[in-house]
Structure formats: structure tokens, C-alpha cells
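In terms of the UniProt record's numbering, the sequence shown opens at residue 1 and continues consecutively. Notes for the one structure printed next.
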Amino acid sequence: MCKLKPLLERWLKDADASLNNPGSIVSPAAQAEAIGRRRKKRTSIETTVRVALEKAFLQNPKPTSEEITMLADSLSMEKEVVRVWFCNRRQKEKRINPPSNPIGAAAASSPSMGLTGQGLPMSTSSTPTHSPFNYSTAASDF
């Protein structure tokens, strides 16, 4: 609460000032800058560095923190930039090559799962059992 108090006081003062003078509304970017939270500019990665990152990704798509640090040092990049690049690259990989059996899709499409998709076995016998999960009964049985 101690750290928030000055921020809240400044926000309250600014809110009161904007009520008294509606033309003095500040843009969100200027507000973030005034508070001290400014987003880092987008990092552009050179082709040679990108090729090295791709090569490292193909060898190991989930490097440890130490491996990321070593790679960042060898490429003269910030560790956070390399870490985010790997996160983004894994997401890209999931988009390009979605998993072959996503959870839920296999259960609904598998014939052994029955019509319910609940993993409950369907009866294979020809005699009606009047089970709520037996779909082989004739309509006249109801």
C-alpha cells in the first residue's frame, strides 16, 4: 500500500484536474510515461542472429535458463529478448504444426468412446439391455 499511495494520490489529483478542465485529458501513452511504466520498443533481429536462433530452436525448443543465457551472450543479445523469442517461436510451431491428437478431439472421434465421448463402453451384444449408454436398442423398446 505504501508504494501505491503516491500513485493513487497523483491519479486522484489528475482526475480532479481533468474534471475542472476537460480539455486537459492526457493520452494513455503519456500517462504510462508519467507513471514510469514505459514499454520497450520492438526488437528487430538481424538475419544472421535469427538463423542462429532457429538452429538452436531445432536442436532444443525448450532451453533452460542457463542455455538461454549462454545463447544470449554468444549472440550479444539480452537474455529476455532470447527468452521471448523462444516463447514466440514455440507458439508459431504450434500454429504451423498443431498436435496430431488434441485433448478432447480424440475422445469424441474414437469409436471405442461411444456416442457420449465419456469413455464408457458401448454394448456390442444384440440383446437390448436398456442401459442409458446402449444405443443399439430399437425404438419400440422405449
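In this text, a Cβ means the ideal position worked out from N, Cα and C, and glycines have one as well. All figures in this text were calculated on a predicted structure; none of them were measured in a lab.
For the options S76, A72, R38, P99, the alpha carbon positioned closest to that of F86 is the one of A72. Selection T64, A15, K94 evaluated against V82 yields T64 as nearest (Cα-Cα).
As summarised for the UniProt domain "Homeobox" (36-96), the continuous alpha helix (DSSP H) elements at least 4 residues long and confined to that stretch are 47-59, 65-75, 79-96, given in chain order. Secondary structure of P99 (DSSP, three-state): coil. Nearest to K40 by C-alpha distance, out of S100, R90, E9, E78, is E78. In the structure shown, N21 falls within a coil segment according to DSSP collapsed to helix, strand and coil.
For the set E54, G36, V84, the Cα lying nearest the Cα of R42 is the one of V84.
In this structure, the straight-line span from the alpha carbon of L53 to that of N60 is close to 10 Å.
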